[in-house]
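Asks: Quick one: the structure is below, questions incoming.
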Amino acid sequence: MLRHKLGLVYTWLVWLVTFALPDVPLIMRLRGWLYSLVMKEAGRNFQVSSAARLYSIDNLSVGNDVYIAANVIVNAGGSIKLSSEVMIGIGSVLISGNHTIDRGSYRFGQLTRKAIKVGFGSWIGANCTLVAGATVPPSTLIGANSVVTKPLELSGVYVGTPAKIIKES
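Residues in the sequence shown are numbered from 10 upward in steps of one, following our numbering.
Take a look at the structure:
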């Protein structure tokens, strides 16, 4: 629990210190490197926009050449793995925890956690949501405003809520 709290403070400090710096590749790599110091695993050239917010990053793993755009929220409470060459588009949300209902209310329901995995070379478009248990295969495009609620089986292009395949790779 203490490590988690220290990680939250650390990520807030990284954000605070680097927020005003421009989103150019060199600065985004610096920001990614600073975040990587407390992450589970991080490859080279991890780039993070100044407006992205990362939480519970001690459960976050990223491969090489990963890019996280502006206004993305990543909450890795139940672990998130982004393989190499993954892009997360503007305004997307990746949350690996979920609430259950208890006595008619979600407010105090038990928290459940499931991993999120995004395969090599995939692109999560703008304003997408990936929830606990979502898996995106390699070389897959998730179209803008789509929601991934479960493991996707085939590589291809997915759109909609919930995301459905419209083209196989």
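Glycine is no exception: its CB is placed at the ideal position from the N, C-alpha and C atoms.
For Thr121, does the three-state DSSP call read helix, strand or coil?
Replies: Start at 1 with the first residue of the sequence shown, and residue 121 comes out as number 112. In the structure shown, Thr121 sits in a strand (DSSP, three-state: E or B).
Asks: Answer with buried or exposed for Glu94, where buried requires no fewer than 16 other C-beta atoms within 10 angstroms of its C-beta.
Replies: Translated into the one-based positions of the sequence shown, residue 94 becomes position 85. Looking at its Cβ environment, which holds 16 or more other Cβ atoms inside 10 Å, Glu94 is buried.
Asks: For Thr144, I'd like the list of residues in its chain whose CB is within less than 7 Å of its CB, leaving aside the five on either flank, ordered along the chain.
Replies: Translated into positions along the sequence shown, residue 144 becomes position 135. Lys126, Pro160, Leu161, listed in sequence order.
Asks: Quick check on the DSSP output: the alpha helix (DSSP H) that includes Tyr44 runs from which residue to which?
Replies: Taking the sequence shown and counting its residues from 1, one reaches residue 44 at position 35. From DSSP, the alpha helix (DSSP H) with Tyr44 extends over 34-45.
Asks: Beta carbon of Arg62, beta carbon of Gly87: below 8 Å?
Replies: Against the sequence shown, residue 62 aligns to sequence position 53. Against the sequence shown, residue 87 aligns to sequence position 78. It is not a contact, given that the beta carbons lie outside the stated cut-off.
Asks: If we count the other Cβ atoms within 10 Å of its Cβ and call it buried at 16 or more, is Gly104 buried or exposed?
Replies: The residue given as residue 104 occupies position 95 in the sequence shown. For clarity, residue 104 is Ile in the given sequence; the question names Gly instead. So Ile104 ends up on the buried side.
Asks: From what residue to what residue does the alpha helix (DSSP H) around Tyr115 run?
Replies: Here residue 115 refers to the residue found at position 106 when the sequence shown is read from its first residue. From DSSP, Tyr115 is part of no alpha helix (DSSP H); its letter is neither H nor E.
Asks: Using a threshold of 8 Å, state whether the C-beta atoms of Phe28 and Trp42 are closer than that.
Replies: Within the sequence shown, numbered from 1, the residue matching residue 28 stands at position 19. Within the sequence shown, numbered from 1, the residue matching residue 42 stands at position 33. No; because the gap between Cβ atoms is not below 8 Å, this pair is not in contact.
Asks: Enumerate in chain order the residues of its own chain whose CB-to-CB distance from Leu17 is below 8 Å, with the five nearest sequence positions on each side excluded.
Replies: The sequence position of residue 17 within the sequence shown is 8, counting from 1. Counting only Cβ-Cβ distances below 8 Å, and skipping sequence neighbours, we find Tyr64, Ser65.
Asks: Under 8 Å between the Cβ atoms of Gly128 and Pro147?
Replies: If you number the sequence shown from 1, residue 128 lands on position 119. If you number the sequence shown from 1, residue 147 lands on position 138. Contact: yes.
Asks: For Thr20, which of Leu46, Pro31, Met37, Leu11 has the nearest alpha-carbon?
Replies: Numbered from its first residue, the sequence shown carries residue 20 at position 11. Checked all of Leu46, Pro31, Met37, Leu11; the closest Cα to Thr20 is Leu46.
Asks: Curious, which full-length alpha helix (DSSP H) runs of at least 4 residues does the stretch 22-105 contain?
Replies: For the stretch 22-105, whole alpha helix (DSSP H) runs of length 4 or above, ordered along the chain, are 34-45.
Asks: If you draw a straight line from the C-alpha of Thr170 to the C-alpha of Ile110, how long is it?
Replies: As a working note, residue 170 is residue 161 in the sequence shown. As a working note, residue 110 is residue 101 in the sequence shown. Approximately 22 Å, taken between the alpha carbons.
Asks: Candidates Ala124, Gly100, Tyr76, Lys173: which alpha carbon is nearest Leu35's?
Replies: As a first step, residue 35 must be located in the sequence shown, where it is residue number 26. Closest option to Leu35, Cα to Cα, is Tyr76.
Asks: My assumption, with CB atoms under 8 Å, is that Val81 sits in contact with Gly100. Please give the rounded CB distance.
Replies: Walking along the sequence shown from the start, residue 81 turns up at place 72. Walking along the sequence shown from the start, residue 100 turns up at place 91. The pair is a contact, with the Cβ atoms about 7 Å apart (cut-off 8 Å).
Asks: Please state if the CB of Ala85 and the CB of Asn73 are separated by a distance shorter than 8 Å.
Replies: In the sequence shown, the residue the question calls residue 73 occupies position 64. In the sequence shown, the residue the question calls residue 85 occupies position 76. No. Outside cutoff.
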